[in-house]
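Each protein sequence line maps, in turn, to chains A and B.
Every number in this note's numbering is 467 more than the matching position in the first sequence, counting from 1.
Every number in this note's numbering is 1 more than the matching position in the second sequence, counting from 1.
Glycine included, every Cβ here is placed at the ideal spot set by N, Cα and C.
Everything below concerns the one structure shown next.
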Amino acid sequence: MNAMTPVADDVAAYLARRARWSPLEIAFWVFVFATIWLFPGKYLIMKDTAILALFALSLDLILGYAGIISLGQAAFFGVAGYFSGLVAKYGFINEPVIALVCSGVVAAALGFVTSFLVLRGSDLTRLMVTLGVSLMLGELANRYSNITGGADGLQGVDIKPILGLFRFDLYGHNGYVYCLIVLFVCFLIVRRVVYSPFGLSLRSLKGNTLRAAAIGIPVQRRLIAIYTFSGGLAGIAGALLTQTTAFCSLDVFSFDRSADLLLVLIIGGTGYLYGGLIGAAIYKFLQDWIASLTPQYWQFWIGFVLVLIVLVGRERVEAWMSAVRAFLVRLGTRLMTRTAALGGAPKGR
Amino acid sequence: MPILETVALEKRFGGIVAARDVSLAVEKGARHALIGPNGAGKTTVINLLTGVLRPTSGSIRLAGRDITTLLPHQRVRLGMARTFQINQLFLELSPLETIGLAISERLGLGRDWWRVVGSRPEVTGEIVEVLERFRLADVMHERTAILPYGKQRLLEIALAFACRPQVLLLDEPAAGVPEAERHELLATIGSLPEEVTVLLIEHDMDLVFSFADRISVLVNGGLLLDGAPEEVARDPRVKAVYLGEEIDA
């Protein structure tokens, strides 16, 4: 065997550690799934949060990793939303999971086609082109109201039970569990992608496309690939909304929907996978809470919170968070050693 | 046969001729330096070689293959890598990740979106080798943005080297490196493996004459002279150029 130097050990250990699940991540997901039992009266808003989280994850992937800024994720959300509604309405695809996957594929195809527009130009042109595409699609949906239902929305969507077993109930329980599972599965896939060599190359594109090309990375092709993938994810989020509400209206294409997504990522942060998830939870919670206090002015307070975040700076918030985290870890190890000291001996017998 | 060869390379920007009739031949394994005063067209030539610019006319051959119309990343895959005069690094990545990225790309793993980076032992081994060769092992976990300038300069070269080029283009590698860190950098450049051909673009004459076994002098976009270091050092025209006088060619 070849002798391993300390450096080699260190590199191998680092690479192995890099993609490992941290206890904090596991705790996060345990909590997420525990909400099914913890807050049974809140299924509807939690379901919306899960959908928003998945949608934000799709934007984080292109913005936080590849550095593509977009105001047009709603294009994918909307197209897949209508697609899943139409196939259910006319009974082309009756099984929701299959319809969901197909909707994702349709949205990804749209992502592939539009990627060629988006990859030209600077950030500002990208903002405008992505926004333009989603607004154009919204107008198309309005124009062809014989298919989409126009301003009245798509009526008469009948969503069959998931896998033929689980009916979408009135309380939204099954719908919520369905959304959570889809969110989790998509997250697992995204997590794999991000820690792969492909994912690492995305981060190099965000950092410096000139150098990325100079070490042999086909920049354009990588951007097209991730934009397509991100479009597919956004589409799955859109299809989830249609399936869980049995309805789809023109506002799936609205500017607000894309803009909210940027707000979610401003709250949650980008480039570490959980930004969209945490941001979506905070955003929805704020919206719900403030709206219950002052139904008319909730948007003012959301804006106020955003201004605060920008003023305080995320770095400082993160510093506080890591201090809290360090404290919890210390507390945890202390408790563990204590329980080991107390409970270890009897168990050992 | 030269490993890198240009034939009558010319580049115009509107009315300005930035490179004219440049026919350069770099032999395999050479330590070849391209020198010239400011504005002589050195950067244009390196941009033409690496594919950042398209020549107006003329052709470029790498290991006998015409690469004139290939894109930058395609040239890298055929074995030509470069460094930049001003660092072009991935500031948010660590040296370990940076080198791991270049190696993964070279091995064609860049399209692999499922396996975790470095899950193959050959990648790990090579990362270690490159990091140690360029004395970056002690800072491999740091963010590149906070590394001392000399280390960033080493990483700049290490990143090109990790592409395992046949020809390595170094664009003013010692530029701006403080005296204290200079020695480490020059020693590392001096100990590059012999089979790697190096084309050095440099201002610093000490470095050029201690390192190169062949020197080409570029003046006003054209090649003035091509020869062994002693020859170039003796040539009155070169002296004239570096003293800032007009040349009578």
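Taking a cut-off of 8 Å for Cβ pairs, the stretch 150 to 168 of chain B and the stretch 525 to 540 of chain A do not touch, as fewer than three such pairs fall below it. Contact between Gly735 of chain A and Ile749 of chain A holds, with the beta-carbon distance rounding to 7 Å and staying under 8 Å. Under a criterion of Cβ atoms nearer than 7 Å, the residues of chain B adjacent to Leu677 of chain A are, in order, Gln89.
Against chain A, the beta carbon of Gly80 of chain B has no neighbour under 9 Å; the closest one sits roughly 10 Å away. Lys152 of chain B and Val774 of chain A have their alpha carbons spaced roughly 39 Å apart. For Arg215 of chain B, the enclosing beta strand (DSSP E) stretches over residues 215 to 220.
Bridge partners of Phe14 of chain B according to DSSP: B:Ile17. Along the stretch 140 to 151 of chain B, going in chain order, the ones with a CB nearer than 8 Å to a CB of chain A are Met141, His142.
Within the stretch 112 to 127 of chain B, contact with chain A at the beta-carbon level (separation under 9 Å) is assigned to Arg112, Asp113, Trp114, Trp115, Arg116, Val117, Val118, Gly119, Ser120, Pro122, Val124, Thr125, Gly126. Short of 8 Å from the beta carbon of Val220 of chain B, and not among the five residues preceding or following it, lie these beta carbons of its own chain, in chain order: Gly37, Pro38, Ala41, Val242, Ile248. Interface annotation, Gly683 of chain A: in contact with chain B, CB-CB separation under 8 Å. Rounded to whole angstroms, the gap between the alpha carbons of Ile769 of chain A and Met513 of chain A is 19 Å. Taking 8 Å as the threshold, the shortest C-beta distance from Thr472 of chain A to chain B falls below it.
Taken atom to atom, the span from the alpha-carbon of Val77 of chain B to that of Ala681 of chain A is near 7 Å.
Residue range 81 to 83 is occupied by the beta strand (DSSP E) that includes Ala82 of chain B. For Leu63 of chain B, DSSP records a beta bridge to B:Leu5, B:Arg66. Residues of chain A whose Cβ lies closer than 9 Å to the Cβ of Thr189 of chain B do not exist, since the nearest Cβ in that chain is about 16 Å away. Counting along the chain, Gly736 of chain A sits inside no beta strand (DSSP E), nor does DSSP assign it H or E at all. The alpha carbon of Leu224 of chain B has as its nearest neighbour, out of B:Glu203, B:Ser105, B:Val46, B:Leu108, the alpha carbon of B:Val46.
The contact set of Ala64 of chain B on chain A, defined by CB atoms closer than 8 Å, is empty, because the minimum CB distance reaches about 16 Å.
Here the stretch 89 to 98 of chain B lies against the stretch 668 to 681 of chain A, with 3 or more beta-carbon pairs under 8 Å apart. Per DSSP, reduced to three states, the secondary structure at Val168 of chain B is strand.
About 4 Å separates the Cβ atoms of Leu170 of chain B and Arg83 of chain B, confirming a contact at the 8 Å cut-off. Contacts with chain B at 8 Å (Cβ-Cβ) do not include Gly736 of chain A. Only residues of its own chain outside the window of five on either side were considered, and among them Ala19, Ala20, Thr45, Leu49, Leu54, Pro56, Thr57 have a CB closer than 7 Å to the CB of Lys12 of chain B, listed in chain order. In chain order, Val124, Glu127, Ile128, Val131, Ala163 place their CB closer than 8 Å to the CB of Ile104 of chain B, counting only its own chain and leaving out the 5 sequence neighbours on each side. Any Cβ of chain A closer than 8 Å to the Cβ of Arg83 of chain B would place that residue at the interface, and such an atom is present. For Ser120 of chain B, the three-state secondary structure derived from DSSP is coil. By DSSP's assignment, Ser58 of chain B forms a beta bridge with B:Glu11. Close partners of Val129 of chain B in chain A (Cβ separation under 8 Å): Thr472, Val474, Ala475, Val478.
Runs of the alpha helix (DSSP H) spanning 4 or more residues and lying entirely within the stretch 575 to 612 of chain A occur at 590 to 610, in chain order. The alpha-carbon separation between Leu71 of chain B and Leu672 of chain A amounts to approximately 20 Å.
Distance from the CA atom of Leu200 of chain B to the CA atom of Glu492 of chain A, rounded to whole angstroms, is 48 Å.
One alpha carbon belongs to Ala790 of chain A, the other to Ile535 of chain A, and they sit about 32 Å apart.
The Cβ of Glu133 of chain B sits closer than 8 Å to at least one Cβ of chain A. Restricting attention to A:Pro762, A:Leu482, A:Phe550, A:Leu700, the CA atom closest to the CA of Arg116 of chain B is found in A:Leu482.
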